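Residue numbers (the working numbering), protein chains in the order written: chain A, 24 to 373; chain B, 20 to 604.
Even glycine gets a Cβ: it sits at the ideal position worked out from N, Cα and C.
Remember, predicted model here, so these are calculated numbers, not experimental data.
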Amino acid sequence: MTFHRPTFRHPELPPNDAGYHRQDYEGGISTLCAGCGHDSICNAIIQACFELALPPHRIVKMSGIGCSSKSPAYFLGRSHGFNTVHGRMPSVATGANMANRDLVYLGVSGDGDTASIGMGQFMHAVRRNLDMLYIVMNNGCYGLTKGQYSATADKGSKGKKGRINELESIDLCELAIQLGAGFVARSFSGDKQQLVPLIKAGLMHKGLSFIDVISPCVTFNNNPGSTKSYHWVREHSEATNTFDLVPFQQTITTEYDGDTVQDVALHDDTVIHLHKHHDAPDITDRRQAIDNLEDHKAQDVILTGVLYINPNSADTHELLHTCERPLNSLTEDDLCPGGPALEAINAAHR
Amino acid sequence: MKPTDIEDPEYFHKVIDCQFACPAHTPVPEYIRLISEKRYTDAYMVNWVANVFPGVLGRVCDRPCEPACRRGRVEKEPVAICRLKRLCADNRDFGLVARFPVVPSEKNGKRIALIGAGPASLTVARDLMPLGYTIDLYDEQAKGGGFMRSQLPSFRLPEPVLATEVNYILDMGVQTHFNRRIESMKALLAEGHNAVFIGTGAPRGRDLSDLPGRKEANQWIHIGIDWLAGVIFGHVSSIGKRVLVIGGGNTAMDCCRTARRLGGTSVRVMVRGPRAKMKAAPWEIEDAIGEDIPIVDNHVPLEFVVEHGRLVGMRFAKVGVGSETGGEEPVFFPCDEVLLAVGQLNAFPWIEPDAGIRFDRQGLPELDPRTLQSSLPQVFFGGDAAFGPRNIITAVAHGHQAAISIDLFCRGLSPLDRPAPQVNLAGQKMGVHDWLYHNQVTATERQAMPVRTKTKTLKDRLLEVELGFDQQVGQTESLRCLNCDVQTVFRADLCIECDACVDVCPESCINFVDNGTEEELRARLRAPAENLAQSLYLAGLTPSGKIMVKDENVCLHCSLCAERCPTSAWDMQKFLYLSAQAGQL
Ligand SMILES: Cc1cc2nc3c(=O)[nH]c(=O)nc-3n(C[C@H](O)[C@H](O)[C@H](O)COP(=O)(O)OP(=O)(O)OC[C@H]3O[C@@H](n4cnc5c(N)ncnc54)[C@H](O)[C@@H]3O)c2cc1C
Ligand SMILES: Cc1ncc(C[n+]2csc(CCOP(=O)(O)OP(=O)(O)O)c2C)c(N)n1
Ligand code: SF4
Ligand code: SF4
Ligand code: SF4
Ligand SMILES: [Mg+2]
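Pasting the structure below:
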């Protein structure tokens, strides 16, 4: 019986710039079904945090309920975490972010957790443009409760027992673009080459970054006829673009044939270099981004990659004009500055 | 790069680092697993079949397996393979002789002469007796064992341990001719044996005859191997207080430690080159230092200094790194006696030049390295006599190969048509997380060997220093083994490319990538595959046209890849590889 992962790691793997080894970003051994897409996403998160050299104790992982939402147990074992009730991750994340804006917030949710019970919570977190990376591990079903269709299951997709989903599906990326998320992307658990840089960009971006990651449920939704199976997704996906994330203006040159480059600067000196076909839509234009998604959907193609970026996005703190210092660090003296200060405020209203 | 041919038995054999490195290819992980289950007699038999002298080798083997052991690449130190062998020998059920192969009472009519009763000849005897051969074994000593008896000090190898295992073979009905030195090869050939095996070792110790003072000081200078034999056979029972041992090999280590037991209070080992280049095994050097014997390296002997007709010391040139003769003044070391352990030579004065056996310029027989057959077709060589001094396990390996050749030769077949090894792949899966083997990798470090105190052992040269592992420690040590024989076997046609195996593998061994040349692939895997001695396992194509590449280097054989694979594209299969032995087709 294997309950523990061996502690040995490849001796030649170097630490990252902050001196951490990849192992420092790992979590417990997974109890998800063997082959679950969620496990791959967990590993992409580990890889992204390792590559960004984020100190593990500066990261907060938030989740709701579901196989996807329990996956934070399998990564970032040295970070903070809060496993909320079903669909309520966005409110708890909002509270935490209000209290300490200095930490890096990573929300992990499922398509059920987000698009059904947590839909209202999700939409308002996006409207607030809360500074976090919100990942949906999208398997088109409620994995934890044995595979019922979720609201993201495509109309016409076939379940394990042969039943067709008759309901219209919700496209969370389109919603997120509409509702003001600053960074929106879609990816596939089986494509780490694309997913890892997307997660890195999402973590660096200020404001709400949303990544919808199609993540096959091997046990309940990987059958022929399902549009969320490994096979179907591999056959039907197309990348918008490939890109390099250049944190803090380091120079990286990569060659991509026949591409044009679009540079998008994020809040600090980080830049996303996009390589795309010259006739591809501008990803900083909301309308073009949504059209692009719909056009591909009409052709049965899942568009992946960065779908939309708002380089000027302002996050909740900016919108609310909160102070620079994390609220949880304010002392009584800061909060009750005393009689003269009150006098001054009152005077301003006279 | 081409897909790996896992049907080739040598591919998975090579993954079992220890077994592959063992000259006799002992199935190491197989016996270590049996020890972990406390099945000592079974473990002993696995050893006995492959290496013939488990009790002896469990103490004094040169252990080429240990530096090769994967565990040494994964953490600090290898599995104590050799000491575990001793554990199963110590704890075996002595009724095990009932399991030995039956020797037919009706002989096959072929007579084989074996010259020298060292490990090489004894192995030939052990392999050929059950096939019905009549064996004549000749040795000038009074008992069997060769150098294992005449050279290896009792504090490392107690005589009863050796005698028991030598007798296992002699008791099969070998016709022994002890106290008989073969003086003429031609005379022996005339006796009409169907084949002759020469396992006479490398019996002559090198001298430093050109050094000034050598003749004058002769009385106080001894050739190491002759002196050690003298001690073992009781002709030598004391030595002067101050002793210089010249040489850096294992003979030097046995000489200095024996000298400490015979009255040497100030014993020094003088080595020409640097310490790091010494031939002696690291553990023997440590044992010598532990017995207060300094190793003085980078000292080249210049002369024996004789005053008033007596040896008073030796002069050495101290050399710097890289140069043979330094500019410094010669250094003088006082001493009462000197032991020379500067190498061994082969000597075949008893083989007449016109006997039909050709020798090369170094005085070694011309042999086919695979068959060990000499230029005289019915004569075969093995052990130290074949290619110069090696060690016991190499002599055993030669013995097996020579027995195969002799058997083929006597049956009128070509010794070049070697029988194939016996191999078997057995699935280990019992349930989702259940395996037939102990797949949990322990983090325990190498267990220390308990020893008798120096105050006791230095007084009695017959007292064995190492006490051996007890069963508890042995079990702990045995669980450090990574089961390198339980192979990861991949089937690309079953893979759905979920990446679960890639993600779970603690050692980042597994990759799904586009194909390329081996060199280029090695550079772009998840972890650099820089150990060129270790294979890449390549299979493919997967549904999306990728290949699977696994770097075998630091795989823990932990089974996690197979446990996390939803389609059983990975499977754990135990690969048993048994080298061919005489009588097999
Ligand atoms: C001091 C010392 C310590 C060693 N320690 C180790 C160790 O710890 N571990 C290890 O693995 N190896 C060790 N070795 C090496 C090992 O002993 C030999 O490699 C091994 O014994 C060789 O085996 P063999 O079968 O070739 O012949 P040997 O063991 O050398 O036996 C040859 C036999 O042939 C006999 N013989 C020779 N000529 C004739 C003749 N004309 N007629 C009849 N009989 C003859 C000799 O008397 C001898 O008994 C050591 C060697 C020395 C010298
Ligand atoms: C308030 C509440 N309602 C219903 C449930 C039952 N429930 C548990 S998980 C789940 C759906 C999870 O689906 P999803 O978020 O897609 O996660 P997955 O398991 O597919 O990764 C539901 C409905 C619950 N735990 N709590
Ligand atoms: S870990 Fe075990 S099987 Fe692997 S090389 Fe070492 S002893 Fe042999
Ligand atoms: S057995 Fe599989 S998971 Fe374990 S180290 Fe080897 S390749 Fe990796
Ligand atoms: S776990 Fe199995 S199916 Fe998944 S990628 Fe590995 S071998 Fe293929
Ligand atoms: Mg789901």
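{"Query": "Beta carbon of Ala174 (chain A), beta carbon of Ser192 (chain A): below 8 Å?", "Result": "yes"}
{"Query": "When the Cα of Leu263 (chain B) is compared with those of B:Leu435, B:Ser256, B:Met272, which residue comes out closest?", "Result": "B:Met272"}
{"Query": "Does Glu278 (chain A) pass the burial test, meaning 16 or more other C-beta atoms within 10 Å, or should it be called exposed?", "Result": "Reliability of the predicted coordinates at Glu278 (chain A) is poor, the pLDDT of 42 falling under 50, and no value is obtained from them."}
{"Query": "Are the CB atoms of Ala313 (chain A) and Ile234 (chain A) nearer to each other than 8 Å?", "Result": "Looking at the sequence shown, residue 313 (chain A) is not Ala but Ile. Not closer than 8 Å, so no."}
{"Query": "At a threshold of 7 Å, does Arg389 (chain B) count as lining ligand 1 (C-beta to nearest heavy atom)?", "Result": "no"}
{"Query": "I'd like the span of the beta strand (DSSP E) that includes Asn106 (chain A), first residue to last.", "Result": "103-106"}
{"Query": "Report the option in B:Lys478, B:Ala558, B:Ala542 whose CA atom is closest to the CA atom of Asp512 (chain B).", "Result": "B:Ala558"}
{"Query": "For Glu310 (chain B), count neighbouring C-beta atoms within 10 Å of its own C-beta (all shown protein chains included) and say buried if the count is 16 or more, exposed if not.", "Result": "buried"}
{"Query": "Quick one: Cα of Cys429 (chain B) to Cα of Ala421 (chain B), how far?", "Result": "12 Å"}
{"Query": "Tell me whether the beta-carbon of Pro353 (chain B) lies closer than 8 Å to the beta-carbon of Thr390 (chain B).", "Result": "no"}
{"Query": "Given Pro29 (chain A), which residues of its chain have a CB within under 8 Å of its CB, disregarding the five upstream and five downstream residues?", "Result": "none"}
{"Query": "How big is the Cα-Cα spacing for Asn384 (chain A) and Glu347 (chain A)?", "Result": "Since the first residue of chain A shown is 24 and the last is 373, residue 384 (chain A) is not available in this structure."}
{"Query": "How about Gly192 (chain B) and Gly137 (chain B): are their beta carbons less than 8 Å apart?", "Result": "no"}
{"Query": "Check Arg329 (chain B) in the structure and name its three-state DSSP category.", "Result": "strand"}
{"Query": "Apply the 10 Å Cβ neighbour rule to Arg606 (chain B) and answer buried if 16 or more other Cβ atoms are within range, or exposed otherwise.", "Result": "Missing from the structure shown is residue 606 (chain B); chain B here goes from 20 to 604 and no further."}
{"Query": "So is Glu56 (chain B) in contact with chain A if we call contact Cβ pairs under 8 Å?", "Result": "no"}
{"Query": "Please state whether the Cβ-Cβ distance between Ile201 (chain B) and Trp67 (chain B) is less than 8 Å.", "Result": "no"}
{"Query": "Determine the DSSP secondary structure at Met591 (chain B), reduced to helix, strand or coil.", "Result": "strand"}
{"Query": "Just to confirm, is the Cβ distance from Gln592 (chain B) to Val508 (chain B) under 8 Å?", "Result": "yes"}
{"Query": "So which residues of chain A does Ala546 (chain B) contact, with C-beta pairs closer than 8 Å?", "Result": "His33, Glu35, Leu36"}
{"Query": "As a quick exercise: from B:Glu571, B:Ile412, B:Arg276, pick the residue whose alpha carbon is nearest that of Glu303 (chain B).", "Result": "B:Arg276"}
{"Query": "Just checking my contact of Thr270 (chain B) with Ala404 (chain B) at CB under 8 Å: how many whole Å lie between their CB atoms?", "Result": "Wrong, their Cβ atoms sit about 17 Å apart, outside the cutoff."}
{"Query": "Tell me whether Pro177 (chain B), by its Cβ, gets closer than 7 Å to a heavy atom of ligand 4.", "Result": "no"}
{"Query": "Measuring alpha carbon to alpha carbon, tell me which residue in B:Ile376, B:Leu579, B:Ile35, B:Pro172 is nearest Asn253 (chain B).", "Result": "Looking at the sequence shown, residue 253 (chain B) is not Asn but Gly. Measuring from the Cα of Gly253 (chain B), the nearest candidate turns out to be B:Pro172."}
{"Query": "Please report the residue range of the alpha helix (DSSP H) in which Arg12 (chain B) lies.", "Result": "Because chain B here runs from 20 to 604, residue 12 (chain B) falls outside it and cannot be looked at."}
{"Query": "Can Gly42 (chain A) be considered in contact with ligand 6, in the sense that its beta carbon sits closer than 7 Å to one or more heavy atoms?", "Result": "no"}
{"Query": "List the DSSP bridge partners of Gln466 (chain B).", "Result": "Its beta-bridge partners do not exist; DSSP assigns none."}
{"Query": "Does chain A have any CB closer than 8 Å to the CB of Pro222 (chain B)?", "Result": "no"}
{"Query": "Ligand 5 and Cys524 (chain B): does the residue's C-beta get closer than 7 Å to at least one heavy atom of that ligand?", "Result": "no"}
{"Query": "For a quick check, are the C-beta atoms of Leu501 (chain B) and Phe594 (chain B) less than 8 Å apart?", "Result": "no"}
{"Query": "Closest Cβ-Cβ distance between Tyr253 (chain A) and chain B: below 8 Å?", "Result": "yes"}
{"Query": "Should Leu604 (chain B) be labelled buried (16 or more other beta-carbon atoms within 10 Å of its own) or exposed?", "Result": "exposed"}
{"Query": "Taking the alpha carbon of Lys374 (chain A) as the reference point, which residue from A:Ala370, A:Ala321, A:Pro34 has its own alpha carbon closest?", "Result": "Missing from the structure shown is residue 374 (chain A); chain A here goes from 24 to 373 and no further."}
{"Query": "Between which two residues does the alpha helix (DSSP H) harbouring Arg186 (chain A) extend?", "Result": "Note, Arg186 (chain A): premise wrong, no alpha helix (DSSP H); not H, not E."}
{"Query": "Are the CB atoms of Ala208 (chain A) and Gly328 (chain A) within a distance shorter than 8 Å?", "Result": "yes"}
{"Query": "What does the alpha-carbon distance come out to for the pair Ile222 (chain A) and Met160 (chain A)?", "Result": "13 Å"}
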